[in-house]
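Colleague: Sharing a structure below in structure tokens format, with a few things to ask.
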Amino acid sequence: MSTPSIAQDQALAKVPAVTLAFWITKILATTLGETGGDAVTMSMGLGYLVGTGIFALLFAVAVAAQLRARSYQPALYWFTIIATTTVGTTLADYVDRSLGIGYAGGSTLLLALLVASLVAWRLWLGSVAVTSVATPAAEACYWVTILCSQTLGTALGDWTADTEGVGYGGGALIFGGLLLLVVLAWRFTRVSRTVLFWLAFVLTRPLGAVLGDLLDKPLADGGLALSRYSASAVLLAAMLLLLWLFPGRTDRAHDPGA
């Protein structure tokens, strides 16, 4: 294997190692995206379209800063992740509810967009592995794919919990169980690590969506009726604590292969 160039090392250093701490932080971020997005669109009464515009702007600013960064900066990286999950929440809700497509239609559309982003990335740059994120073009593809996965995850979570009637706790068990199957496949099979990474990345979003709804939905709807603001603050504090304890560094040994 050839030695990576200095430029590649700098780009790769902007992506955290895929460790247990990474996945726990990701689930916290996706749950925060649900409660935070709902706080703006519902509690503040701004609606899905305005909320999507606000978070889309934050996402654009965060990605621009991430692309300009010369090394991995935990606060910036995870702020960008939170931006993708909040805009994913409001955008999915807008597509599913305001446009009247419904959860099934919205999930199908968003799945098609996710597959299209991965296929385009693969055809353009040759790999969708995290270890291939070594150029601005690859990094741009990385963030577009993440945005698609976060939006799809919101629709899947709502579809499972609401339309299929399994509830928020039931939805958490379903998506948690699916994540466990991915972990077992990683541990005991030779399935592509890249495929497993993106499966896990997608599944953490609906898990976060149903967990967020479980926290803040009314008791009559199967939630715990917690304040969206307080739930978001607690989730953010937990993320900051994890990042302080495990700031994360790029480590090829932990990243999924091509």
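This note's numbering puts the first residue of the sequence shown at 25, with every later residue one more than the last.
Note that the Cβ used here is the ideal one computed from N, Cα and C, for glycine as well.
These numbers come from a predicted model, not from an experiment.
On a CA-only basis, which of Ser141, Gly195, Trp183 is nearest Gly126? Give me that one, please.
Modeller: Trp183
Colleague: Assign Leu223 to one of two classes, buried (16 or more other C-beta atoms within 10 Å of its C-beta) or exposed (fewer than that).
Modeller: buried
Colleague: May I ask you to check if the CB of Tyr127 is nearer than 7 angstroms to at least one heavy atom of the ligand FMN?
Modeller: Summarising the ligand content, the structure contains no ligands, and the ligand FMN is consequently not present.
Colleague: State yes or no: is the C-beta of Thr76 within less than 8 angstroms of the C-beta of Thr109?
Modeller: Cβ atoms of Thr76 and Thr109: not closer than 8 angstroms.
Colleague: According to the neighbour-count rule (16 or more other Cβ atoms, all chains shown, within 10 Å of its Cβ), is Ala136 buried or exposed?
Modeller: Burial is judged here by how many other beta carbons sit within 10 angstroms of a residue's own beta carbon; Ala136 has fewer than 16 and is exposed.
Colleague: Tell me whether Leu173 is buried or exposed, calling it buried when 16 or more other Cβ atoms sit within 10 Å of its Cβ.
Modeller: One detail in the question is off: residue 173 reads as Ser in this sequence, not Leu. That one is buried.
Colleague: Given a threshold of 16 other Cβ atoms within 10 Å of its Cβ, counted over all protein chains shown, does Phe212 qualify as buried or as exposed?
Modeller: Burial call: exposed.
Colleague: Taking the alpha helix (DSSP H) that Leu44 belongs to, which residues open and close that run?
Modeller: 44-62
Colleague: Helix or strand or just coil, what does DSSP make of Pro230?
Modeller: Secondary structure of Pro230 (DSSP, three-state): helix.
Colleague: Note down the Cα distance separating Val119 from Ser256, rounded to an integer number of angstroms.
Modeller: 23 angstroms
Colleague: Use the C-beta contact count for Trp148: other C-beta atoms within 10 angstroms, 16 or more gives buried, fewer gives exposed.
Modeller: exposed
Colleague: Could you have a look at Gly75 and say whether DSSP puts it in helix, strand or coil?
Modeller: helix
Colleague: How long is the line joining the alpha carbons of Leu156 and Ala144, rounded to whole angstroms?
Modeller: What sits at residue 156 in the sequence shown is Ser, not Leu. Cα to Cα, the separation comes out at about 14 angstroms.
Colleague: Would the beta-carbon of Arg229 fall within 8 angstroms of that of Gly177?
Modeller: yes
Colleague: What is the rounded straight-line gap between the Cα of Arg227 and the Cα of Ala209?
Modeller: According to the sequence provided, residue 227 is Leu. The question's Arg does not apply to it. Computed Cα separation, rounded: 14 angstroms.
Colleague: Starting from Arg146 and walking both ways along the alpha helix (DSSP H), at which residues does that stretch end?
Modeller: 126-149
Colleague: Measuring only the C-alpha atoms, how far is Thr54 from Leu171?
Modeller: 12 angstroms
Colleague: Decide if the region 66-76 is in contact with the region 193-206; the criterion is three or more beta carbon pairs, one per stretch, under 8 angstroms apart.
Modeller: no
Colleague: What three-state label does DSSP hand Ala31 in the structure shown?
Modeller: In this prediction, Ala31 scores a pLDDT of 45, lower than 50, which makes its location untrustworthy; the coordinate-derived value is nonetheless stated afterwards. Ala31 falls in the helix class under three-state DSSP.
Colleague: Cutting at 8 angstroms between CB atoms, please list the residues of its own chain near Lys241, excluding the five before and the five after it.
Modeller: The residues are Tyr192, Gly247, Leu248, Ala249.
Colleague: In this structure, how does DSSP classify Thr159 when only helix, strand and coil are distinguished?
Modeller: DSSP, reduced to helix, strand and coil, places Thr159 outside both helices and strands of the structure shown, so it counts as coil.
Colleague: Can you tell me whether DSSP reads Met68 as helix, strand or coil?
Modeller: coil
Colleague: When the Cα atoms are used, what is the spatial distance from Gly60 to Trp167?
Modeller: 20 angstroms
Colleague: State yes or no: is the C-beta of Tyr253 within less than 8 angstroms of the C-beta of Ala63?
Modeller: yes
Colleague: By the DSSP assignment, the alpha helix (DSSP H) with Pro98 in it spans what residues?
Modeller: 98-117
Colleague: Under three-state DSSP, which class holds Ala164?
Modeller: DSSP, read as helix, strand or coil, puts Ala164 in helix.
Colleague: Would DSSP call Gly194 helix, strand or coil?
Modeller: helix
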